[in-house]
Every structure is written in structure tokens, then in C-alpha cells.
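With the first letter of the sequence shown counted as 1, position 4 gets the number 326 in my numbering; the numbers rise by one all the way through.
Glycine included, each C-beta is placed from N, C-alpha and C at the ideal position.
These numbers were taken from a predicted model, which means no experiment stands behind them.
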Amino acid sequence: MTTAVQFLKSDGDSSSTADYDAIVIGAGVSGLYQLYKLRELGLKALVLEKGSRVGGTWYWNRYPGARFDSESWTYIYSFSKELLDEWKWTEHFATQPETERYLNYVADKFDLRRDIQFGSEVIAAHYIEETRKWEILLSDGRKYHATFLITAIGILSASTLPRIKGVETFAGEAYHTAQWPHEPVNLAGKRVAVIGTGSTGVQTIQEAAKVAGQLTVFQRTPNWCAPLHNTKITDEEMEQIRARYPEIMARCQETPGCFVHGPDPRSALEVTPEVREAFFEKLYSEPGFGIWYGNFRDILVDSDANALISDFVARKIRERVKDPKVADRLIPKNHGFGTRRLPLETRYYEVYNQPNVELVDVNETPIQEITPTGIRTSAGEYEFDVIIYATGFNAITGAFEQIDIRGVGGRSLKDAWASGPQTYLGFLVAGFPNMMMVMGPHGGVGNFTRFAEFNANWVSELLRFAVARGATRVEVTQEAEKRWFGHVADSGIGLLSNSVDSWMTGVNSNVEGRSARRVMRYSGGFPAFREYCEAATRDNYAGIKFE
Ligand code: N01
């Protein structure tokens with residue numbers, strides 16, 4: 323390839339601290355694949371990773387019960403047939419250790435580790451206009467320079483503790499689920515508190531209830547949950563899955579969330595009550611997100627249709643939880659089914675029939691303080707050996723806020739996004755040349771690996787285009803960014819989930835200034851997202867300036 327500008331060619335030497343063509347932040351699902359793609363382009367690339375191993379989310383979230391809610395065999399990388407043929411999932415919804423093993427296997431197979439520096443926490447990244455390079459600073463003072471900065475820092479990686487008085491005073495063991503220790507944590511026979519009942523809380527509670535002497539769940543907002551129906555994968559079944567990979571991957575490309583589940587074309591309001599009930603029963607008895615993503619086409623956009631499925635699931639909760647008062651507390655009242663991310667569960671509701679489990683509704687009896695010995699609510703004091711915070715994340719933009727990212731004129735990304743993120747296709751930000759985001763805000767949210775592979779491919783094609791032109795400065799125009807934002811905002815109109823507080827709408831009571839909803843993600847579904855991105859490529863990236 324002849325280029326007007328000399329790019330550094332990879333010589334396989336990662337010990338050099340010289341300039342890089344591209345630096346990727348994060349060695350999780352998206353960062354690993356992005357590195358693979360950068361090597362394919364022949365660029366000299368380095369990944370900076372805060373943890374001591376690869377895996378990202380699957381490295382940090384080691385809490386009891388952590389596992390996929392997406393079918394394992396759809397969450398797999400699809401870029402290598404050899405990899406698809408080699409890897410054997412043991413369960414339809416794999417556990418965290420299995421997923422972490424998988425990502426380590428990928429890193430080994432493609433010899434990715436030699437271009438990854440672990441224990442490298444990026445705290446600042448500044449664009450230097452004179453050199454047209456990013457200067458990247460680590461917490462230990464190391465400094466790197468790269469023409470392109472690629473963030474692969476995840477959408478759920480900046481964990482948040484509750485803003486409750488006395489959090490730091492507890493003298494027992496306390497863990498946030500996303501900062502879970504690598505050493506085994508023994509909950510057996512202990513007095514355990516779990517705060518939070520999102521997908522993570524639900525998975526943790528199910529496991530903790532099996533061994534804890536006393537488990538007390540502090541719930542602020544109940545979530546609608548549905549059964550996971552996980553099973554083992556036999557060798558024969560794995561063979562069949564392998565044979566069907568092309569079909570499975572093609573199916574994922576067609577559905578809004580990149581799952582195998584896509585909406586049923588019927589309206590919940592048009593079918594007879596008998597047909598509707600039978601369909602809901604079928605979905606409730608099937609594995610995975612079918613009841614969420616494979617339901618009647620209008621349950622997520624029409625409140626009357628949504629009320630029907632909400633009523634169905636409320637009945638299931640009442641059937642499964644013996645104490646009607648507890649069942650009532652577990653039924654959401656302020657949002658409809660599937661309008662927040664649906665936690666999938668395995669005998670979650672039955673946990674509340676156990677004598678060692680208590681559910682505390684913090685709306686009835688608010689937590690007043692965390693004390694050295696436990697938690698004090700308005701109703702009294704509870705003593706605990708362990709407090710587990712399943713209190714979630716400063717989602718989507720939180721990981722960006724942890725790094726002092728500055729673009730043209732020293733403008734900080736935090737300031738640029740003060741009233742919500744602004745992006746072009748979720749990949750680029752005006753005023754931040756040569757910064758590309760893999761799985762940034764306004765990209766899709768769904769089956770993470772499917773979206774991440776698409777993202778990294780798109781970014782890599784953009785880089786190929788830039789490098790072929792010898793461009794050393796790649797920046798989206800304000801107009802293109804504005805147009806995309808308008809489209810993202812429009813695509814969310816009518817979706818019930820966008821009128822509900824959750825991490826998907828950017829609300830987090832534990833982060834200052836995050837009580838109002840924001841446009842955080844693209845709600846138009848993967849096929850439309852892909853079409854927009856591919857149109858930009860076909861159009862020779864008309865909204866992007868190459869210098
Ligand atoms: O976080 P969340 P999560 N006092 O924000 C509560 C993915 N995931 O870690 O709803 C009391 O959903 C908060 O209450 P409220 C998945 O996409 C994937 O559970 O704000 N409670 C809520 O109950 C998921 O959606 C898998 O009223 C407080 C909880 O903490 C995303 O990660 C598995 C509180 C936080 O729930 C995030 O899930 C697990 C306070 N001060 C997760 N502050 C897979 O399947 C917060 N809460 C791969």
C-alpha cells in the first residue's frame with residue numbers, strides 16, 4: 323500500500339513505548355476483536371487494559387450466579403470459522419467463568435496478549451493538534467502517543483455505589499458485584515444483605531439464597547423477570563449448533579437486538595384472549611429473551627398491549643410467591659413488562675418462599691444509614707456479615723467520564739456531553755478527531771458481541787479508508803453529528819422503555835446530575851443501525867473530514 327504519510331508498521335515488538343498507529347482502551351469483548359482487526363490492517367497497535375487479564379465485563383463481574391442471559395452460541399465471535407468450530411459451550415447460557423475462559427482462549431489463539439498491556443489504567447487522553455496525535459496518560463505516569471484512539475471501554479463498566487450515609491463505615495465484608503474479588507467469597511451460613519434487584523441483583527440473590535444463613539434483599543424498584551430455562555449442551559447438540567452457525571448469525575443480523583428472538587408480527591390486541599394466553603404461556607416456558615424480544619410486535623410500544631403481558635407475568639409472580647404481600651412487593655407498579663432490561667431468572671421468585679430470605683421494600687422503610695454493623699432502615703436495624711451492592715453502573719457514558727478526554731482546543735468530552743452524549747453513528751464525536759468509539763453511546767444495545775463485532779468492523783473500514791488516503795486527521799462534521807442525533811432521538815419516539823427511568827435512559831440516582839432522562843442509545847434496532855452505517859461507508863463517509 324502506498325500512502326502519503328508513513329504509518330508505523332507492526333514489528334511484533336510491544337515492549338516499545340514509541341508512537342502507535344492506534345491505541346485501544348480496554349481488552350474486553352470489543353477491544354480484543356478491535357486489536358485483531360488493527361493487526362489485519364497492518365497497523366502498529368496497542369491495547370491498554372486496567373485489569374490483569376482479558377475479559378472486561380467478564381473479568382470484573384465475578385459475583386455468584388453471573389452468567390449470560392443471551393444464548394451462549396449467539397454471544398460468540400463469528401469472524402473465525404476455525405474458532406466457531408473449536409469452541410464448545412457447555413450450557414445454553416454460560417456462566418461467567420466459562421465466558422472468561424472463552425475470551426482467554428480467543429486471546430491465546432490469536433496471540434493477542436503480546437499487544438496488550440495489563441495493569442494499565444488510562445486516566446487522560448488529550449488530542450495534540452500540532453502532532454495530530456493523542457497523548458495518553460496512565461495512572462502510574464506512563465505516557466503513550468497514537469494517531470488513533472479507540473475506546474472499547476464498555477457500556478456497563480463504571481460501577482456505582484449507593485449514595486447512602488455511612489457506606490464507608492461498614493466493618494464487615496462489602497462488595498460491589500462489578501468489583502467482586504478474585505478469591506472465593508464464602509457466604510455460607512452468613513447474614514448477607516443484597517441492595518439492588520436489577521439483572522445482577524437477581525442472579526446474585528438466587529445464588530446467595532442457597533447458602534446464606536439469612537439473606538435480606540433491599541429492593542427499591544422491582545423488575546419484571548422471566549425464567550431463563552438454562553440447560554446443558556450435549557456434544558451432539560453442540561455439533562448441530564456448529565452446523566447452524568451461519569444460519570444463527572444471519573438470523574441475529576435480522577432482529578432488532580441481534581438475538582435469535584425477533585418480534586411476532588401479530589398485535590397482542592388483535593388475537594383472541596385464548597390465543598394470546600397460549601402464546602404468553604409458550605414464551606414463558608421457553609429459554610432466553612423470547613418473551614421480551616419474540617413477543618407480539620406491539621408489547622413494547624403500545625401501553626394497552628403492554629398491560630396484557632404485564633398482567634400475565636404479574637399472575638405468574640403471584641402463583642410462584644406464597645405470601646401475597648411479598649408477591650405484591652415484587653410486582654412492578656411504575657413501569658410495564660420489558661420496558662427496563664428484563665432480568666432472566668432461575669427460581670428467583672421461589673427464593674422469597676424460603677425461611678432464610680426476607681424482602682425489604684425501601685420505599686416502605688427507607689435505608690437511613692449503613693452502620694459499622696449493618697443497615698438501619700426507618701423500621702429498625704439489621705446486622706450483617708456481608709453487604710453486596712448490586713447497585714449498577716453509570717451506564718454508557720460513565721466509563722468516558724472516568725478519563726479526562728480532551729479534543730480540539732482542550733475541550734473536554736465531559737463538557738461536550740454535559741447535557742447528554744452527542745455522536746456520529748455512535749463512533750465519532752465532532753471536535754475529537756481520530757477518536758473512534760467501539761460500542762459508544764448511540765450505538766445499539768442488545769447482544770453485545772454481535773454489536774461489538776459490527777462496530778469494530780465499521781471502525782476498521784474507516785481506518786482502512788483513512789490510511790489509504792494518508793489522512794492523519796479524521797473528524798466528523800458538526801452537521802453530520804447533529805443529523806445522526808436527530809435520527810437517534812426520533813427512533814426512540816413511541817418506545818415505552820424511553821419513558822421509564824433506567825440505565826438505558828441515563829438515569830442513575832447515585833450520580834450527581836443524572837436524574838433526568840437522556841438519549842443514550844439508538845432504539846431503531848440493529849438492521850436500521852447497520853443500514854445507516856453501511857450507507858455512510860457507501861457514501862465515502864460524506865459526513866467525515868479527512869485531512
Ligand atoms: O444494574 P441495574 P445491574 N438504594 O442498574 C438499585 C447487564 N447485565 O448491574 O431500579 C436502593 O439494572 C436499583 O434500584 P432502582 C444488563 O444489561 C447483564 O443489575 O434504581 N437500591 C436497581 O434495582 C443489566 O441491565 C447480565 O430503583 C438502589 C439496582 O440497584 C445491566 O447489566 C447480567 C440504590 C441496579 O440495577 C445492569 O444491571 C447482569 C440505592 N441507593 C447484568 N441504587 C447478563 O446476562 C441503586 N439501586 C450478561
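Excluding sequence positions up to five away, which residues of its chain have a Cβ less than 6 Å from the Cβ of residue 723? Within the sequence shown, numbered from 1, the residue matching residue 723 stands at position 401. 736, listed in sequence order.
Give every residue of the same chain whose Cβ lies closer than 7 Å to the Cβ of residue 327, excluding the five residues on either side of it in the sequence, and list them in chain order. In the sequence shown, residue 327 corresponds to position 5, counting from 1. Any reading at residue 327 must be qualified, since the residue scores a pLDDT of 40, below 50, and its modelled position is unreliable; the value itself is stated next. Closer than 7 Å at the Cβ level, and outside the excluded window around residue 327, lie 792 and 794.
What are the start and end residues of the beta strand (DSSP E) that includes residue 696? As a working mapping, residue 696 is identified with position 374 in the sequence shown. In the DSSP assignment, residue 696 falls within the beta strand (DSSP E) that extends over 696-699.
Selection from 773, 714 and 696 that minimises the alpha carbon distance to residue 708: For this step, residue 708 is matched to residue 386 along the sequence shown. Ranked by Cα distance from residue 708, the first of 773, 714 and 696 is 696.
Does residue 859 come out as helix, strand or coil in the three-state DSSP assignment? As a working note, residue 859 is residue 537 in the sequence shown. Helix, per DSSP.
Which value, in whole angstroms, describes the spacing of the CA atoms of residue 440 and residue 372? As a first step, residue 440 is located in the sequence shown; it is residue number 118 there, counting from the start. As a first step, residue 372 is located in the sequence shown; it is residue number 50 there, counting from the start. So the two alpha carbons sit approximately 6 Å from each other.
Compute the Euclidean distance between the alpha carbons of residue 565 and residue 456, then round it to the nearest angstrom. Taking the first residue of the sequence shown as position 1, residue 565 is located at position 243. Taking the first residue of the sequence shown as position 1, residue 456 is located at position 134. Answer to the nearest angstrom: the Cα atoms are 44 Å apart.
Any idea what DSSP makes of residue 452, helix, strand or coil? The count along the sequence shown starts at 1 and reaches residue 452 at position 130. The answer is coil: DSSP assigns residue 452 none of H, G, I, E or B.
Just curious, the beta strand (DSSP E) that residue 752 is in, first and last residue? Residue 752 sits at position 430 when you count from the first residue of the sequence shown. For residue 752, no beta strand (DSSP E) encloses it, and the DSSP letter there is neither H nor E.
Verify the contact flag: residue 582, CB atom, against every heavy atom of the ligand N01, threshold strictly below 7 Å. For the purposes of this step, residue 582 is identified with residue 260 of the sequence shown, where counting begins at 1. Because no heavy atom of the ligand N01 lies under 7 Å away, the Cβ of residue 582 does not count as near it: no.
Have a look at residue 462 and residue 445 and give me their C-alpha separation to the nearest angstrom. Locating residue 462 in the sequence shown gives position 140, where the first residue counts as 1. Locating residue 445 in the sequence shown gives position 123, where the first residue counts as 1. Roughly 9 Å separates the two Cα atoms.
Thinking just about the alpha-carbon of each residue, which of 689, 863, 576 and 404 is nearest to the one in residue 787? Translated into positions along the sequence shown, residue 787 becomes position 465. For residue 787, the closest alpha carbon among the candidates 689, 863, 576 and 404 is that of 863.
Between which two residues does the alpha helix (DSSP H) harbouring residue 744 extend? Within the sequence shown, the letter at position 422 stands for residue 744. Segment: none, residue 744 is in no alpha helix (DSSP H) and carries neither H nor E.
Where residue 523 falls, given that 16 or more other Cβ within 10 Å makes a residue buried: Indexing the sequence shown from 1 puts residue 523 at position 201. Flag for residue 523 reads buried.
When DSSP labels each residue in this structure, what does residue 467 get in the three-state scheme? Within the sequence shown, numbered from 1, the residue matching residue 467 stands at position 145. In this structure, DSSP gives residue 467 an extended state, which the three-state scheme calls strand.
What's the C-alpha gap between residue 492 and residue 486? Taking the sequence shown and counting its residues from 1, the one referred to as residue 492 is at position 170. Taking the sequence shown and counting its residues from 1, the one referred to as residue 486 is at position 164. Between residue 492 and residue 486, the C-alpha separation is close to 12 Å.
Report, in whole angstroms, the separation of the C-beta atoms of residue 516 and residue 710, which I expect to be a contact under 8 Å. To locate residue 516, count along the sequence shown from 1; it is residue 194. To locate residue 710, count along the sequence shown from 1; it is residue 388. The C-beta distance from residue 516 to residue 710 rounds to 5 Å, short enough to fall under 8 Å.
Pull the bridge partners of residue 702 from the DSSP assignment, please. In the sequence shown, the residue the question calls residue 702 occupies position 380. Beta-bridge pairing links residue 702 to 699.
Go ahead and pull the three-state DSSP assignment for residue 731. Here residue 731 is taken as the residue at index 409 of the sequence shown, counted from 1. Annotated three-state conformation of residue 731 is helix, per DSSP.
For residue 498: DSSP bridge partner residues: For the purposes of this step, residue 498 is identified with residue 176 of the sequence shown, where counting begins at 1. The partner list for residue 498 (beta bridge, DSSP) reads 711.
Contact between the stretch 820-828 and the stretch 847-860 is defined here as three or more beta-carbon pairs at a separation below 8 Å; is this criterion met? Taking 8 Å as the limit for Cβ pairs, the verdict is that the stretch 847-860 does not touch the stretch 820-828.
Where residue 660 falls: helix, strand or coil (DSSP): In the sequence shown, residue 660 corresponds to position 338, counting from 1. The answer is coil: DSSP assigns residue 660 none of H, G, I, E or B.
To the nearest whole angstrom, what separates the beta carbons of residue 817 and residue 623, a pair I think is in contact under 8 Å? In the sequence shown, counting from the first residue as 1, residue 817 sits at position 495. In the sequence shown, counting from the first residue as 1, residue 623 sits at position 301. That belief holds up - the Cβ atoms of residue 817 and residue 623 are roughly 6 Å apart, short of 8 Å.
Spatial neighbours of residue 514 in its chain, beta-carbon cut-off 6 Å, leaving aside the 5 residues before and after: Residue 514 sits at position 192 when you count from the first residue of the sequence shown. The answer, listed in chain order, is 530, 534, 537 and 708.
Using CA coordinates, which residue listed in 473, 360, 458 and 482 is at the minimum distance from residue 434? Translated into the one-based positions of the sequence shown, residue 434 becomes position 112. Nearest of 473, 360, 458 and 482 to residue 434, Cα basis: 360.
Tell me the rounded alpha-carbon separation between residue 591 and residue 630. As a working mapping, residue 591 is identified with position 269 in the sequence shown. As a working mapping, residue 630 is identified with position 308 in the sequence shown. The straight-line gap separating the alpha-carbon atoms of residue 591 and residue 630 is approximately 9 Å.
If you check the beta carbons only, do residue 637 and residue 763 fall under 8 Å apart? Locating residue 637 in the sequence shown gives position 315, where the first residue counts as 1. Locating residue 763 in the sequence shown gives position 441, where the first residue counts as 1. Against a cut-off of 8 Å, the Cβ pair of residue 763 and residue 637 comes out as no contact.
Considering only DSSP beta bridges, list what residue 417 is partnered with. By one-based count along the sequence shown, residue 417 stands at place 95. Answer is 389.
With three or more C-beta pairs closer than 8 Å as the rule, is the stretch 544-558 touching the stretch 715-729? They do not touch, by the three-pair rule.
Alpha-carbon spacing of residue 500 relative to residue 593, whole angstroms: Working through the sequence shown from its first residue, we reach residue 500 at position 178. Working through the sequence shown from its first residue, we reach residue 593 at position 271. In a straight line, the C-alpha of residue 500 is about 43 Å away from that of residue 593.
Simplified DSSP assignment, three categories, for residue 525: Reading the sequence shown from its first residue, position 203 is the one you call residue 525. Three-state result, residue 525: helix.
Residue 381, enclosing alpha helix (DSSP H) - first and last residue: Residue numbering aside, residue 381 sits at position 59 when the sequence shown is read from its first letter. Judged by DSSP secondary structure, residue 381 falls within the alpha helix (DSSP H) whose first and last residues are 379-382.
Cβ neighbour criterion (16 or more within 10 Å) applied to residue 583: In the sequence shown, the residue the question calls residue 583 occupies position 261. That one is buried.
Straight-line Cα distance separating residue 467 from residue 615: For the purposes of this step, residue 615 is taken as residue 293 along the sequence shown, with counting starting at 1. For the purposes of this step, residue 467 is taken as residue 145 along the sequence shown, with counting starting at 1. Computed Cα separation, rounded: 43 Å.
In chain order, what are the residue ranges of uninterrupted alpha helix (DSSP H) at least 4 long that sit wholly in the stretch 513-579? The stretch 513-579 contains these whole alpha helix (DSSP H) runs: 521-533 and 557-576.
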